[in-house]
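So in this note's numbering, the last one in the sequence shown is 519, and the numbering has no gaps at all.
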Amino acid sequence: MKKLFLTITLLFSFIVPTITHTSTAASSIILKVNNEQVDSNYSPFVENGTTYVPLNEIARLMGDKVTSLSYRNEVSIEGKDFKASVCEGYIVGFINGRTLPLKTKTVDGKEVNANVKAIYKNGEIYVPIEFISNGNGMTYPVDTVNENHTTTIYIGKLPVNIQNRNNNIILKVNNKQVSDKYKPFVQADTTYVPLDEISKKMGSDTTPRKNQVTVSLTNLKYTTVKAGQTSAFRYDPYKGNDVYTKIPLKMNTIHGNTMNSNAKAIYKNGQIFVPVEFISLSDGMNFYVETVKDNTKTTIYVGELPAGLQQPINKLGYATTEYAGVSKSPGGIYSINALVKNQQVTIYSSQAKWYKIKVGKQIGYVEKNKLKIGKTPAKGKMYPDGWVAPVLKSKWSPNQATNFKTLQNELGFTDNGHIFGVYKASKAIIVLGDSGNTEVTFQFFCWDGDANGAIPQEYRVPIVAKELFKLYFGKDATRVWKYCDKGDIPDKFTANGRTVKVSFIKATGSLYFQVGKKK
1 MKKLFLTITL LFSFIVPTIT HTSTAASSII LKVNNEQVDS NYSPFVENGT
51 TYVPLNEIAR LMGDKVTSLS YRNEVSIEGK DFKASVCEGY IVGFINGRTL
101 PLKTKTVDGK EVNANVKAIY KNGEIYVPIE FISNGNGMTY PVDTVNENHT
151 TTIYIGKLPV NIQNRNNNII LKVNNKQVSD KYKPFVQADT TYVPLDEISK
201 KMGSDTTPRK NQVTVSLTNL KYTTVKAGQT SAFRYDPYKG NDVYTKIPLK
251 MNTIHGNTMN SNAKAIYKNG QIFVPVEFIS LSDGMNFYVE TVKDNTKTTI
301 YVGELPAGLQ QPINKLGYAT TEYAGVSKSP GGIYSINALV KNQQVTIYSS
351 QAKWYKIKVG KQIGYVEKNK LKIGKTPAKG KMYPDGWVAP VLKSKWSPNQ
401 ATNFKTLQNE LGFTDNGHIF GVYKASKAII VLGDSGNTEV TFQFFCWDGD
451 ANGAIPQEYR VPIVAKELFK LYFGKDATRV WKYCDKGDIP DKFTANGRTV
501 KVSFIKATGS LYFQVGKKK
C-alpha cells in the first residue's frame, strides 16, 4: 500500500541542499515520478507564486486508476487508499469524501483558502503542489529539492542518495530506538516526528483516528492534532467556556515577533507527524527533547538520555518541598510518585532541568526547581516505596479556593487541588467544585491494593481519602471512610451537616460522591 511519505532533505547543517517551495521560473523546475523525468509536455509551471503540477500524469505514472471527464475538464483518481477528484476552475478538491482547499494561506493568524484555482492545460488538470504534499489525504511520497538554481520535485520512489540522507536521522524515546516505519523526516525546513509513537512510549494514552490523534495529558486534559492543520487543540475542563485552546505546532520569530510558522501536521503510516518543536513545547507535549549530531548521523532523544549524556550526582537527603510530581521519564505523562516533604530521596544524575532520583524503591525524574534537599530526617509513616503518608493540618474553609489549596499543599493533589494520582492510575481521585446545591464532588476510580497488584500504589488512595474526608466531614470522617473501606456505602447519608448522594458510574467504574453544602 502506498503510504504518505513526505520527506525533504535534512535540516541539519551537515546536509545540503536546502529545501524550498518558493516560486521558481518554469525552466528551472523538473518533475520526476518514480525517478523517471516526466515528459516536457507535462512540465510543472509557476503562476502568481504558485507551483502547479499535472495531477492526471502523476497519478497514471504512480499506477492509479485515472478517469478524465473532458466535457467538464475534471479528473478522478482511485488509489489503493484514497479517492480524489479535481475540476477546472475549482479552488477545492475532493479527497475521500472531504472538501479540501487546493492551497491555503494565513490571514490574521488563521489558515484560510488561498482561492487558487485548478488549471486545465494540455488535456491535464494542474493543481498546486501543496494539494499533493500537505499530508491531508493524498498518499504520494513527495520530496522537493532546490539545488544549483534548479528545483526538482520527486514523487514516488526517491533516488538512493536522497534516501541515504534521510536515513541519517534516528529517533530514540527513553533510550529505545523507534522503528524505521515511524522514522523522522524533514519538510520545508521542519523536522517531523511521530506524535502517536512518542506519546505511547512516554506513557500517555492515544486515541488514533483517520488523519488525527488525541493524546491524553495529565489531569483530564487532552490534545487533538489533525493532519493538514497548523495548530493543536487542547481541552482543559477547568477553563469554563473556553475549554479548547489553540496551540501552534511550531513558532517562528520574525523581526522580533513570534508567530505561527504554519507548519502542518502530516498523516503517514497510520501516524500523525508533528514538528519536533511541538514535542518539547511547554504548551505542547512538554516532553524533554535533545538533538545530538555527529559526522554521520543526527539522533533525536525524547525523554531519558543515555547515561553518558547525564551528569552524575549521587546525593542522599530529604525533600523539603511540599509537593512535586515524579514521572517515569523527563516530561512523562504519568507520575510514579508524589514527592512530599521529609521524604527520603537519592539524586542520581541530572539532564537539563531534570533530576533523576530514587524515591523508596522507584526511580523517576523530577524538575530541579521543584526539588530541594535538606538533612531533616523523615517524619511520619514511610512506606516501602519511600512514600510518606500525608496528614491534614488545616481545617475546612468557606472559601472553596482555600480548600483546594489545602488539598494540593497538604495531601499531594495536583492541578490546583483537583487530582490525586498514583502510578498506573493518574486520576485515582478527582475533586471538583461548586455545582448548584453541591459544594464539592468526589470521584474515586480505585480504592485499595498492594505492591504486587495491577496498580501498585493503589494502597495510597484510602489513606489520602481519610484525610480528604476529615476536611469536609470533620468528626464524621471515620464513619464515611468505613463505608468506603467495607464496600457498603448508602446511596444517601448525612455527614457533618451535609447531605451526600453516592452513585456508581458504570461507564468509568468509579464511585461518585455529591457532597451538599453545609447547613
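All C-beta atoms in this analysis are idealised placements derived from N, C-alpha and C, irrespective of residue type, glycine included.
Since this is a predicted model, take the numbers as computed values, not measurements.
According to DSSP, residues forming a beta bridge with residue i
i: residue 202; result: DSSP, once it has assigned bridges, lists no residue as partnering residue 202.
i: residue 382; result: 388
i: residue 374; result: 318
i: residue 208; result: 213
Under the three-state DSSP convention, the category residue i falls into
i: residue 133; result: helix
i: residue 159; result: coil
i: residue 287; result: coil
i: residue 354; result: strand
i: residue 40; result: helix
i: residue 250; result: coil
i: residue 307; result: helix
i: residue 506; result: coil
i: residue 96; result: coil
i: residue 105; result: strand
i: residue 477; result: helix
i: residue 395; result: coil
i: residue 498; result: strand
i: residue 435; result: strand
i: residue 278; result: helix
i: residue 369; result: helix
i: residue 315; result: strand
i: residue 28; result: helix
i: residue 301; result: strand
i: residue 126; result: strand
i: residue 76; result: strand
i: residue 361; result: coil
i: residue 117; result: coil
i: residue 195; result: helix
i: residue 221; result: coil
i: residue 492; result: strand
i: residue 427; result: strand
i: residue 486; result: helix
i: residue 226; result: strand
i: residue 293; result: strand
i: residue 181; result: helix
Opening and closing residue of the beta strand (DSSP E) in which residue i lies
i: residue 143; result: 142-147
i: residue 90; result: Counting along the chain, residue 90 falls outside any beta strand (DSSP E), and DSSP gives it neither H nor E.
i: residue 462; result: No beta strand (DSSP E) holds residue 462; the alpha helix (DSSP H) holding it covers 460-473.
i: residue 234; result: 231-235
i: residue 324; result: 323-327
i: residue 56; result: First-last for residue 56: 55-61, but that is the alpha helix (DSSP H), not the beta strand (DSSP E).
i: residue 185; result: 185-187
i: residue 343; result: Taken as a continuous stretch (DSSP letters only), residue 343 belongs to no beta strand (DSSP E), as it is neither H nor E.
i: residue 69; result: 65-69
i: residue 421; result: 419-422
i: residue 259; result: 257-260
i: residue 521; result: Because residue 521 is not part of the residues shown, which for the chain are 1 to 519, the question remains open.
i: residue 517; result: Here residue 517 belongs to no beta strand (DSSP E), and DSSP marks it neither H nor E.
i: residue 268; result: 266-268
i: residue 45; result: 45-47
Whole-Å CB distance - residue i paired with residue j, under 8 Å assumed
i: residue 392; j: residue 410; result: 6 Å
i: residue 155; j: residue 140; result: 5 Å
i: residue 299; j: residue 170; result: 5 Å
i: residue 215; j: residue 199; result: 5 Å
i: residue 319; j: residue 373; result: 7 Å
i: residue 408; j: residue 323; result: 7 Å
i: residue 520; j: residue 203; result: As shown, the chain starts at 1 and ends at 519. That puts residue 520 outside it, with no answer to give.
i: residue 412; j: residue 340; result: 6 Å
i: residue 381; j: residue 388; result: 7 Å
i: residue 250; j: residue 278; result: 6 Å
Residue i, enclosing alpha helix (DSSP H) - first and last residue
i: residue 411; result: 400-411
Contact with chain E by residue i, beta-carbon distance below 7 Å
i: residue 301; result: Reference to chain E is not applicable here, since this structure consists of a single protein chain.
Short Cβ contact (7 Å threshold) for residue i with residue j
i: residue 424; j: residue 455; result: yes
i: residue 43; j: residue 149; result: no
i: residue 45; j: residue 93; result: no
i: residue 173; j: residue 210; result: no
i: residue 365; j: residue 330; result: yes
i: residue 464; j: residue 420; result: yes
i: residue 466; j: residue 481; result: yes
i: residue 229; j: residue 265; result: yes
i: residue 112; j: residue 102; result: no
i: residue 53; j: residue 59; result: no
i: residue 489; j: residue 502; result: yes
i: residue 183; j: residue 269; result: no
i: residue 457; j: residue 422; result: yes
i: residue 122; j: residue 175; result: no
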